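Have a look at the structure below before the remarks.
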Amino acid sequence: MEVEKTSVLEELVQHFNYILSDQFDSYDEMREDQRFYIDRIEQAEKISDLEKRRKSIQEAKKMLEWIEDKMKNWLEGVVSNFTSYMVLREKYQKGNFIFAYYKAEREFQVEEYKNIEKIEFQDKYSIAENPGTKFTKYLVDVKATQAFTKNKEKAEKIDKWFQAFEDILRRIFNDKNLQLKFDDETFQFSICETDRDPFDFNTMSSGYSAVFDIINDLIIRMEAKSGLRTEFDMEGVVLVDEIETHLHLELQTMSVFSENQIPENLTLQKLSA
Numbered sequence: 001m002e003v004e005k006t007s008v009l010e011e012l013v014q015h016f017n018y019i020l021s022d023q024f025d026s027y028d029e030m031r032e033d034q035r036f037y038i039d040r041i042e043q044a045e046k047i048s049d050l051e052k053r054r055k056s057i058q059e060a061k062k063m064l065e066w067i068e069d070k071m072k073n074w075l076e077g078v079v080s081n082f083t084s085y086m087v088l089r090e091k092y093q094k095g096n097f098i099f100a101y102y103k104a105e106r107e108f109q110v111e112e113y114k115n116i117e118k119i120e121f122q123d124k125y126s127i128a129e130n131p132g133t134k135f136t137k138y139l140v141d142v143k144a145t146q147a148f149t150k151n152k153e154k155a156e157k158i159d160k161w162f163q164a165f166e167d168i169l170r171r172i173f174n175d176k177n178l179q180l181k182f183d184d185e186t187f188q189f190s191i192c193e194t195d196r197d198p199f200d201f202n203t204m205s206s207g208y209s210a211v212f213d214i215i216n217d218l219i220i221r222m223e224a225k226s227g228l229r230t231e232f233d234m235e236g237v238v239l240v241d242e243i244e245t246h247l248h249l250e251l252q253t254m255s256v257f258s259e260n261q262i263p264e265n266l267t268l269q270k271l272s273a
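Residue 1 is where the sequence shown starts when you use the numbering used here, and the numbers rise one by one after that.
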């Protein structure tokens, strides 16, 4: 049944990729085009000149086949009944809507860093991209900005951002006393739990690294739009394949974001085996 669930998710990804692509046409638009070329064929059949009739019918049928092939995106496979795709596309193009897909075989990755590096965000990220790999570089960049800025308001905003992220860490590790510490000589972040030696993002267990892979990626996708947000409440569609084999059981059911950080209309749905 895992293969079946994966195929359903792949169908959803394919459908959303189509919605976001330059080839997207609404179903109503394609229906209009379909009717137009059906009428063209009917009109062409009335042409008295045999060669002109044959050529006109052939051209109209070719266009009709192309349109009906595109319509398969709506008529076959997994198709949502969502009727406002144009609104959704507009939000995505403006960077106000997230689409992300985390495959079962996906591995947790963070780019290595040896110095402070300014992170350049894209206006929006596709489903296939993995911006979360730059998360630790982003943490160092933000921490450096906090250290050097003379703007008190900006420094306080950064401090609140780190408090919000630290709160996420505490919820994940179920440790209210957990601290995120930064070494300004090595530019390394350490997670310090109660009664445990400090560790970094690359040395945590697979279950925790899997959830961090998702969280890091989502935070970067949201930061790309606003920067230093303390309420991670952007709208979006997030698909996670085989979550039960990658996350600890308690992490599957736990909301890692606090109640005031997530949108009221957020719905999580798990495919049944």
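The beta-carbon is built from N, C-alpha and C at its ideal position, and this holds for glycine as well. Note that this is a predicted model, so its numbers are computed, not measured.
For secondary structure counted as the beta strand (DSSP E) over 3 or more consecutive residues, the segment 110-137 holds no complete run. DSSP places residue 191 in the uninterrupted beta strand (DSSP E) bounded by 188-192. When the alpha-carbon of residue 25 is set against those of 44, 190 and 66, the nearest one is in 66. Between residue 125 and residue 241 a beta carbon distance of about 18 Å is seen, past the 8 Å cut, so the two are scored as non-contacting. In the three-state DSSP reduction, residue 183 falls in the strand class (E or B). For residue 90, the enclosing alpha helix (DSSP H) covers residues 85-93. By the C-beta density criterion, residue 156 is exposed, having fewer than 16 other C-beta atoms within 10 angstroms. Here the C-alpha atom of residue 216 lies approximately 49 Å from the C-alpha atom of residue 61. Collapsing the DSSP output to three states places residue 97 in a strand. Here the C-alpha atom of residue 144 lies approximately 26 Å from the C-alpha atom of residue 211.
Beta-bridge annotation (DSSP): residue 240 is paired with 102. If you look at residue 204, you'll find it isn't in any alpha helix (DSSP H); DSSP assigns it neither H nor E. Secondary structure of residue 199 (DSSP, three-state): strand.
By the Cβ criterion, the segment 159-179 is in contact with the segment 192-206, since at least three pairs of Cβ atoms, one from each stretch, lie closer than 8 Å. Within 10 angstroms of the beta-carbon of residue 136 lie 16 or more other beta-carbons, which makes it buried.
Per DSSP, reduced to three states, the secondary structure at residue 235 is strand.
CA-to-CA, the gap between residue 33 and residue 218 works out to about 38 Å. Rounded to the nearest whole angstrom, the CA to CA distance from residue 7 to residue 122 is 29 Å. Unbroken alpha helix (DSSP H) stretches of 4 residues or longer found wholly inside the segment 36-73: none. A residue is called buried once 16 or more other Cβ atoms fall within 10 Å of its Cβ, and residue 16 is buried on that count. Here residue 170 carries a helix assignment [DSSP, helix/strand/coil].
With fewer than 16 other Cβ atoms inside 10 Å of its own Cβ, residue 86 counts as exposed. Counting other Cβ atoms within 10 Å of its Cβ, residue 54 stays below 16 and is therefore classed as exposed.
Residue 133 and residue 111 do touch by the CB rule: their CB atoms are close to 5 Å apart, below 8 Å. In this model, residue 232 and residue 199 are separated by some 25 Å (Cα to Cα). As the crow flies, the alpha-carbon of residue 146 is around 51 Å from that of residue 70.
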